[in-house]
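What follows is a single structure, written as structure tokens, with notes after it.
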Amino acid sequence: MTKRQKLTLSIVSALSVAFGLVPTASAMHIMEGYLPATHSLVWGIICVPFVVWGFISIKKTLSENRKAITVLAMAGAFIFVISSLKIPSVTGSCSHMTGTGLGAILFGPASVSILGIIVLLFQAILLAHGGLTTLGANTFSMAIAGPFVSFGVYKLCEKLKVNKMVSVFLAAMIGDIFTYCVTSIQLAVAYPSEVGGVMASAVKFLGVFAPTQLPLAIVEGILTVVIVIGLESFAKPELRSIGFIKEGR
288 MTKRQKLTLS IVSALSVAFG LVPTASAMHI MEGYLPATHS LVWGIICVPF
338 VVWGFISIKK TLSENRKAIT VLAMAGAFIF VISSLKIPSV TGSCSHMTGT
388 GLGAILFGPA SVSILGIIVL LFQAILLAHG GLTTLGANTF SMAIAGPFVS
438 FGVYKLCEKL KVNKMVSVFL AAMIGDIFTY CVTSIQLAVA YPSEVGGVMA
488 SAVKFLGVFA PTQLPLAIVE GILTVVIVIG LESFAKPELR SIGFIKEGR
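Quick note, the sequence shown lines up with residues 288 to 536 if you use the working numbering.
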């Protein structure tokens with residue numbers, strides 16, 4: 288790792304700690320104890336195969352290229368930084384950026400399940416963001432569903448020969464929005480409306496999230512583009528080694 292890369296990693300790590308320790312009102316994903324026990328268990332079970340897949344994916348990536356650990360750490364730090372900045376929204380949850388699109392674009396969605404669950408565990412245990420009982424639900428929405436959509440959008444844009452930075456922006460933004468669509472469904476299934484059931488409840492949750500989440504998704508898309516531009520300037524060999532930058536560029 289060069290001195291420049293070490294400096295960049297140190298700055299990102301310092302910002303992660305600084306932002307993570309800033310007090311936030313009602314800071315949470317889906318908060319501790321908010322979901323019924325059966326729902327928490329089911330979401331946890333659903334996450335298991337994705338987490339196992341993620342572990343295998345990261346192990347394979349690092350065994351083939353040890354230098355990739357620098358970029359992988361930065362992707363994890365990015366998730367931690369911007370997912371720690373929260374705006375209280377509906378009871379039991381909040382609006383915040385996810386940061387998972389970057390990792391999905393660089394390493395694939397499976398790897399992000401590991402990065403995401405590490406971040407969520409750290410936030411739940413040390414920062415009281417989210418919770419252990421809701422870890423499965425939060426992991427599925429933020430570290431599995433969102434990243435898979437981000438990855439799919441990015442690959443689709445690649446096939447359509449869309450400009451790379453536009454592709455990164457769209458992938459991060461749409462992945463963020465989809466995360467909150469899933470969260471709304473999770474909350475709606477747990478607390479269906481007396482009139483209209485789950486669908487009516489989901490629409491209500493989406494309606495409350497939308498005013499804050501749509502602008503945040505746009506901001507996340509822009510920030511992700513900025514980070515990618517920075518990585519292309521400071522870590523081009525690493526990006527080339529993981530296939531993000533094609534040989535010869």
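The C-beta atom is built at its ideal place from N, Cα and C for all residues, glycine as well.
CB contact flag (residue i, residue j, <7 Å)
i	j	result
K230	E525	Since the displayed the chain opens at 288 and closes at 536, residue 230 lies outside it and no answer follows.
I317	N425	yes
S471	S398	no
Y321	I392	no
F456	G508	yes
T511	G363	no
G418	E319	yes
A489	A475	yes
S382	Q473	no
G395	V436	no
A487	H326	no
I405	M384	no
V485	A432	no
Closest by C-alpha distance to residue i, when choosing among the options
i	options	result
S400	F367, F409 and V338	V338
F465	G386, G341, T325 and K533	G386
A360	V513, A522 and V476	A522
A504	V490, L349, K446 and A459	A459
L493	E481, L518, S480 and Y467	Y467
G331	S350, T421 and S520	T421
Under the three-state DSSP convention, the category residue i falls into
i	result
K446	helix
H383	strand
S437	helix
T511	helix
K373	strand
Exposure of residue i, with buried meaning 16 or more beta-carbon neighbours within 10 Å
i	result
M429	buried
V515	buried
V358	buried
G530	exposed
A483	Reading the sequence as shown, one finds Gly at residue 483 and not Ala. So G483 counts as exposed.
L518	buried
L407	buried
P434	buried
Cβ-based neighbour list, residue i, same chain, cut-off 7 Å, excluding 5 preceding and 5 following
i	result
G403	I366, T387, T426, M429 and A430
S528	N352, K354 and A355
L349	A355 and I356
Spatial neighbours of residue i in its chain, beta-carbon cut-off 6 Å, leaving aside the 5 residues before and after
i	result
G411	The sequence given here has Ala at residue 411, not Gly. Taken in chain order, the residues that qualify are G417, G418 and L419.
P479	V485 and S488
W340	A397
Cut-off 8 Å between Cβ atoms - residues of its own chain near residue i, not counting five sequence neighbours on either side
i	result
C444	V453, S454, L457 and A458
V329	G423
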